[in-house]
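In what follows, a structure is listed as structure tokens, so that the remarks can point back to it.
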Amino acid sequence: MNSLEFFLSSVLNGIGSLSDIISASGDLFSLHVNFPFFWLVLTGLVLVALLLAVVSLLWKQRSRRSRVHRELARANQRMSLATSVAGIGVWEWDVNADTLQWSPYLYDLYGIRVGSKLALSDWMSRLKSGDGDKVIRLKQLAGKNKQQTLLIDMIDPLDGQPRVMELVVQGLVNDASRLIGTQRDISDVIERQRQMEQAALQDKLTGLPNTRALNRVLKAAFSAPDVENKVFGLMFIDLDGFKQVNDTLGHDVGDALLQHASKRMRGCLRVEDEVFRLGGDEFVVWVPLGEYAVKINKPAKDSVFDEDESERRDPPVLTWGDNDEELTFRMETIAEKLLHTLTVPFNFGDNQCRVSASIGIARYPVHAKDAQTLLKRADSAMYQAKRQGKRQFAHYDPTPAQHEEIGQQADIEEKVPANKQAMG
């Protein structure tokens with residue numbers, strides 16, 4: 001029953017009650033039908049009935065509004081609880097008035113008292129430098145039925161560390177002054193992705209970067225816009241005698257040897273160098289010379305400008321030969337360190353294991369112009385070192401003899417036990 005029907009029903013009920021009173025008091029009314037008091041009483045009763053009907057109607061409406069308000073409050077409470085549990089905050093930005101409305105979760109996230117009045121500056125002051133501009137640029141969505149997602153870095157109020165936030169912003173077609181959106185802390189998601197990516201690029205046994213990581217490094221190096229101004233090289237390493245250790249003492253000792261050998265190799269490298277495990281007992285060392293080349297190419301101030309500093313002259317540039325010579329020296333120095341450290345016996349309980357290394361060296365751009373060729377030629381140089389007696393390094397030799405297949409002979413030699421490679 002709607003409000004009008006209820007009102008008419010109340011009036012009719014009141015009139016019906018009056019009819020009963022009139023019928024019950026017929027004699028009195030018949031005697032005083034023209035008496036003014038009768039009409040006064042009748043009018044009063046009608047007014048009372050109308051008043052009761054109005055009061056009843058208002059009470060019903062108030063009860064209905066209260067029920068709706070309670071339901072809305074419960075719905076808002078459930079929504080607030082759900083978004084807090086899900087780690088999602090809801091916000092609204094009045095662009096013209098520069099005011100923000102946040103859900104309780106966002107207040108807690110930013111360490112602000114719930115209900116505090118907020119302006120955009122309050123939000124931006126808690127973002128990483130530069131990310132506030134991303135938020136300001138969201139103004140262009142106002143009045144448009146467009147949605148945009150972006151990532152910002154928030155400064156954690158507890159530890160001062162940045163945390164990654166995902167903003168989903170929606171413009172309103174019928175309101176050009178407001179933006180609404182959600183904010184979610186995805187720092188843990190980003191960290192899990194980073195760990196997964198790191199695991200995909202890491203050798204599980206040794207913790208060294210794997211083949212995939214090497215391919216990524218080579219791709220970045222050869223796709224760099226200034227690659228023609230760089231020199232770098234690869235060293236392909238194979239452990240001599242490892243197969244005998246593995247077959248004689250078992251895979252556990254073999255795995256332990258690989259782990260300790262990896263640590264030793266890393267100790268021979270500079271900060272910018274890196275060693276990768278390809279699998280088995282094969283490793284590759286990446287040796288860049290980019291940083292060194294930049295330093296030695298940097299001219300003194302008086303060699304760049306004339307005395308009046310009005311005319312700029314080209315600074316002196318080192319030739320490829322100079323850079324390659326320096327790279328060769330560095331790679332040979334590292335190779336000698338690797339050969340020495342890997343010949344030191346490995347002790348595992350009562351077992352003493354002795355191995356050595358054969359190392360092949362290939363350099364860009366002297367030996368190869370692309371990543372695949374550079375790696376193949378470092379591998380070829382490694383087999384040349386094996387053929388020359390192992391426990392040494394060899395540079396890639398571009399002569400036709402070096403291009404012959406020498407891997408088969410090296411593999412045969414590897415299978416023949418040698419006294420100098422035997423275990424102690």
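At position 194 of the sequence shown the residue is numbered 194 (UniProt numbering), and the sequence of numbers has no breaks. Glycine residues also receive a C-beta, built at the ideal position from the N, C-alpha and C atoms.
query, result
"Contact defined as beta carbons within less than 8 Å: I believe Ile359 pairs with Leu338. What is the distance between those atoms, to the nearest angstrom?", "6 Å"
"Over what stretch of residues does the beta strand (DSSP E) that includes Asp239 continue unbroken?", "The sequence shown places Leu at residue 239, rather than the Asp named in the question. Leu239 -> beta strand (DSSP E) spans 232-240."
"What does DSSP give as the partner residue(s) for Pro225 in the beta ladder?", "Paired residue(s): none; Pro225 is not in a bridge."
"Extract the residue ranges of the beta strand (DSSP E) inside the stretch 325-378, only unbroken runs of 3 or more that lie entirely within it.", "346-348, 351-353, 356-364"
"Does the Cβ of His340 have 16 or more other Cβ atoms within 10 Å, making it buried, or fewer, making it exposed?", "exposed"
"Between the alpha carbons of Asp350 and Val253, how many angstroms are there, rounded?", "11 Å"
"Comparing alpha-carbon positions, which option in Met165, Gln392, Asp397 lies nearest Asp238?", "Gln392"
"What does the Cβ neighbour count give for Gly241, buried or exposed, with the cut at 16 atoms within 10 Å?", "buried"
"Hey, how far is the Cα of Val55 from the Cα of Arg67?", "18 Å"
"DSSP three-state label for Thr206, please.", "coil"
"Sort out for me which residues DSSP pairs His395 with in a bridge.", "Ile361"
"Rounded to whole angstroms, what's the CA-CA distance from Leu28 to Gln61? Just pull it up for me.", "For Leu28, the predicted model reports a pLDDT of 48, less than 50, meaning its position is unreliable; a value from the coordinates is still stated below. Cα to Cα, Leu28 sits roughly 40 Å from Gln61."
"With burial defined as no fewer than 16 other Cβ atoms inside 10 Å of the residue's Cβ, what is the status of Thr149: buried or exposed?", "exposed"
"Rounding to the nearest angstrom, what Cα-Cα distance links Ile296 and Phe276 in this structure?", "The pLDDT assigned to Ile296 is 33, lower than 50, so where the model puts this residue is not dependable, and the model offers no usable value."
"For Ile152, which beta-bridge partners are listed by DSSP?", "Met165"
"Looking at the secondary structure, which residues open and close the beta strand (DSSP E) in which Arg266 lies?", "That residue, Arg266, is in no beta strand (DSSP E); its alpha helix (DSSP H) goes 251-266."
"Ala199: which of Asp188, Arg113, Arg212 sits nearest, CA to CA?", "Arg212"
"Beta carbon of Ser356, beta carbon of Lys386: below 8 Å?", "no"
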